[in-house]
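Heads up: the sequence shown begins at 77 in my numbering, then just goes up one per residue. Have a look at the structure below, then the notes.
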Amino acid sequence: MFKLNICSNPTCKHNAVSLIENGIILENQGYCIDHHPDKERIEQEIFEYILKNEKIVGLNAAGINFYDLSFSGKKFYGCNFQRCSFTNINTEGCRHRMSFFDFAVFSDCNLIESNIQFSSFAGATLSHVLYTNSDLVHNNFCGITTYQSSFDDSDLYNSRFIGANLYNTSFRNCNIKNTNFMNITQENVSFKLSNTRAAFFSESEMEVES
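In structure tokens:
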């Protein structure tokens, strides 16, 4: 897991981003991306670290803006991408375990055929994002907001979308067994060919299951 160092700025409580030296993630105390004295350099070091390594473990990149990059085939374990923004990112076929994307913003991103488990996207915003044909089991999507995005042909087993705001979003031909969609707001959302009877859309369904 990523190191829970707090920003060295005494007025800040955000996580410090990882420091990288000679291709190695250090455990030293540092600054969050907003207070780092050399923001552009630290961002570039993190970009290069991800691009050069197939397997990324314990990286803290909270708050960084990623754009026009390809992370296809990368494997992430215990990484922190909270409050990040991702624009025109291709992560086709990537793997995530225990990664955190809380309150991140995704725009025009491709996550097709991804394998993401035990990860959190709570409060994230997704616009024109493709998760098509992915394994997305045991994940937290509570409170997300989606626009014109697709989860088609994906396995969403035991994931949670509680309180999500879903607009023009597709869940066609998905496995949504034990997936929790309680208290969602939806507009033009399709669950065609998905096993909706095995999912939870209300508290009464949870009570029957128990």
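Heads up, the beta-carbon is just placed ideally off N, CA and C, and yes, glycines get one too. Just so we're clear, the structure is a prediction, and the values are computed from it rather than from any experiment.
Judged by DSSP secondary structure, L95 falls within the beta strand (DSSP E) whose first and last residues are L95 to E97. By the neighbour-count criterion, in which a residue is buried when 16 or more other Cβ atoms sit within 10 angstroms of its Cβ, I220 is buried.
Closest option to L187, judged by alpha-carbon separation, among A180, F176, C170 and G199: C170.
Taking the Cβ atoms as the reference, S246 lies roughly 18 Å from N215, outside the contact range of under 8 Å. Separation of the CB atoms of L135 and S94 is rounded to 5 Å, and the pair is thereby assigned contact status at 8 Å. With 16 or more other Cβ atoms inside 10 Å of its own Cβ, D228 counts as buried. Taking 8 Å as the upper bound for CB-CB distance, A274 and N249 are not in contact here, some 14 Å apart. The beta strand (DSSP E) runs of length 3 or more contained entirely in the region 134 to 208 are, from start to end of the chain, 141 to 143, 151 to 153, 161 to 163, 171 to 173, 181 to 186, 191 to 193 and 201 to 206. Taking C-beta separations shorter than 6 Å and ignoring five residues to either side along the sequence, the partners of V181 in its chain run S161 and T201, following chain order. Beta-bridge partners assigned by DSSP to T261: N241.
Annotation: the continuous alpha helix (DSSP H) that includes Y125 extends over K115 to K128. When K268, P113 and I132 are compared, the shortest CA-CA separation from G149 is found for I132.
Contact between L206 and S230 does not hold, since the beta-carbon distance rounds to 10 Å and is not under 8 Å. Boundaries of the beta strand (DSSP E) around T222: T221 to Y223. Separation of Q262 and Y243 (C-alpha to C-alpha, rounded to the nearest whole angstrom) is 6 Å. In its chain, beyond the 5 residues on either side, N81, S84 and A92 have a beta carbon closer than 7 Å to the beta carbon of Q105. Contact between I109 and G139 holds, since their C-beta atoms are separated by about 4 Å, short of 8 Å.
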